[in-house]
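What follows is a single structure, written as structure tokens, with notes after it.
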Amino acid sequence: MTVEQGSQASLDFLQDELRVLKEVGLHRRLVVVEAFRGPYVTVGGEEYLSFCSNNYLGLAGHPRIKEAAREAIAMYGWGAGASRLVSGTGVLHERLESEIARFKSTEAALVFPTGYMANLGAICALVGRGDLIICDRFSHASIIDASRQSGADLRVFGHNDVKALDRMLRRATNYKKILIVTDGVFSVDGDIAPIPEIVSVAQKFGPQVMIMVDDAHGTGVFGRGGRGLLEHFGLKGGVDIQMGTLSKALGGIGGFVAGTRELVDYLKNRSRSFIFTTAIPPAACAAGLEALRLIDGDEGLERRERLWRNCRYLEKGLNAIGFGMTVQSPIIAVVLGEPQRALDASKTLFGKKLLLPAIRPPTVPRGTSRLRISLTSDHSEEHLDLLLEGLKVTRRRQKGEAI
Ligand SMILES: Cc1ncc(COP(=O)(O)O)c(C=O)c1O
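Note that the sequence shown covers residues 1331 to 1733 in my numbering.
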């Protein structure tokens, strides 16, 4: 037997796994996008209006950001070369971290190649065997994966159920350290966590309890200055670890953790996803810095206002066609049930030149497959009307009416 035959046979189980995924409507396929132009994307030579990007402020294609990245590539090249602890940290890494710390009103910040790695690096460094992590049932996959990998015990409370959190903390008497982690904006439902209530419950239980907020979807979007959910709630303290990402409203790539100087120094020494991986490219830092400048200025404010106007407009329209809902963020979930329903809805919209993929398990719990709408400041009312027109078909199908 040749080596190739041997390895092929050992992968035979993949055919069965893939067949099952296809049978239950859970097989995923990548859509190739040939071009991006504002909220439009080109797929198969045709232009589609996209409602599935986390580029909430339309910064991913902003000329100032593209120029900042180009200049950084000209000056520093593309790759960082190695881990920052090995090849040296770039001036742009340092500059970005001090800007993030200023933006988030913390002493310091540490940048990771992605938000996923920021969660992984922080959680696994802060807690381990003998400790406890408590998180929301709808926490992002990166929080769950990090929690499992950390070796700490993991308890999950009902979605946004602060009373359940309180009960769990009362029972957790034998732990050296307890880490409460919550998403700020929940990534598939788009609702927001009751952070002030979480903080006041946690504060009753002493200094062994730490609070971490993943503000991936809040950063740039919430608060007058776009500083995220802590600004939105007017919270000045109480959250020990603020995680965020440069990949959503900031339109780029890279994750970060912001907090005290000791926290950041400790993470530099203990976060495996910071230490054992190549640093984020300097040009991504330059793009992140320019995005922060934009978010902080009049243009950022104006883009945020447009985004929130879009949220209110779509909320009104969705309610008018019978999808009763309150919109809390630019992420809007139209829950349809079984995977096939979401796939059919997505296909119908695709036929109308609207790109809105079906979100299915394991991303969401069984029976809650959905269309997940992401709005951006680049959408106009005409764009939203086109979406609402397309969704009327989905609504009629949901009610069992003939189309
Ligand atoms: C709540 C939340 N946290 C973390 C991440 C990971 O961020 P990134 O895409 O920058 O890795 C995501 C991304 O989808 C997210 O939704």
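No residue lacks a Cβ here, since even glycine has one placed at the ideal position from N, Cα and C.
Tell me, please, which residues DSSP counts as bridged to residue i.
i	result
residue 1544	1513 and 1573
residue 1465	1486 and 1511
residue 1645	DSSP output for residue 1645 lists no bridge partner at all.
residue 1378	1371
residue 1433	Per DSSP, none; premise fails for residue 1433.
residue 1589	1438
residue 1365	1372
residue 1684	1379
residue 1663	1702
residue 1522	1515
residue 1539	1508
Near residue i, which residues of its chain fall below 6 Å by C-beta distance, leaving aside the five closest residues on each side in sequence?
i	result
residue 1522	1515 and 1658
residue 1594	1438 and 1440
residue 1372	1364 and 1365
residue 1724	1675
residue 1714	1643 and 1644
residue 1484	1463 and 1477
residue 1444	1585
residue 1679	1686 and 1720
residue 1455	1597, 1600 and 1601
residue 1436	1588 and 1589
residue 1631	none
residue 1402	1612, 1613 and 1616
residue 1652	1725
residue 1390	1581
residue 1434	1572 and 1588
residue 1591	1437 and 1438
residue 1552	1558, 1559 and 1562
residue 1450	1476 and 1603
residue 1703	1381 and 1662
residue 1665	1698 and 1700
residue 1548	1514, 1515, 1558 and 1559
residue 1737	This structure leaves residue 1737 out entirely; the chain is present only between 1331 and 1733.
Enumerate in chain order the residues of its own chain whose CB-to-CB distance from residue i is below 7 Å, with the five nearest sequence positions on each side excluded.
i	result
residue 1413	1605, 1606, 1607, 1608 and 1609
residue 1673	1355 and 1688
residue 1457	1463, 1480, 1482, 1507 and 1509
residue 1369	1379, 1380, 1706, 1708, 1709 and 1713
residue 1729	none
residue 1351	1357
residue 1524	1490 and 1492
residue 1731	none
residue 1496	1531
residue 1694	1518 and 1700
residue 1641	1657, 1660 and 1705
Give the range of the alpha helix (DSSP H) segment to which residue i is assigned.
i	result
residue 1679	1669 to 1681
residue 1394	1393 to 1406
residue 1346	1343 to 1353
residue 1655	From DSSP, residue 1655 is part of no alpha helix (DSSP H); its letter is neither H nor E.
residue 1385	Premise fails: residue 1385 is in no alpha helix (DSSP H) and is neither H nor E.
residue 1446	1445 to 1456
residue 1317	Only positions 1331 to 1733 of the chain appear in the structure, and residue 1317 is not among them; the question remains open.
residue 1356	No alpha helix (DSSP H) holds residue 1356; DSSP gives it neither H nor E.
residue 1692	First-last for residue 1692: undefined, no H or E at that position.
residue 1563	1559 to 1563
residue 1495	1492 to 1501
residue 1414	1414 to 1417
Where do the ends of the beta strand (DSSP E) carrying residue i lie?
i	result
residue 1705	Unbroken run through residue 1705: none, as it is neither H nor E.
To which residues of the same chain is residue i closer than 8 Å at the C-beta, ignoring the five residues directly before and after it?
i	result
residue 1619	1398, 1422, 1425, 1426 and 1429
residue 1614	1399, 1576, 1582, 1583 and 1584
residue 1656	1645
residue 1431	1437, 1438, 1439 and 1588
residue 1494	1487 and 1488
residue 1376	1683
residue 1668	1355, 1697 and 1699
residue 1538	1505, 1506, 1507 and 1508
residue 1528	1492, 1495, 1510, 1512 and 1541
Any beta carbon of chain D sitting closer than 7 Å to that of residue i?
i	result
residue 1569	As a matter of chain content, chain D is missing from the structure shown, which is built from one protein chain.
Which residue spans inside the region 1591 to 1636 form an unbroken alpha helix (DSSP H) run of at least 4?
1591 to 1600, 1602 to 1605 and 1612 to 1626
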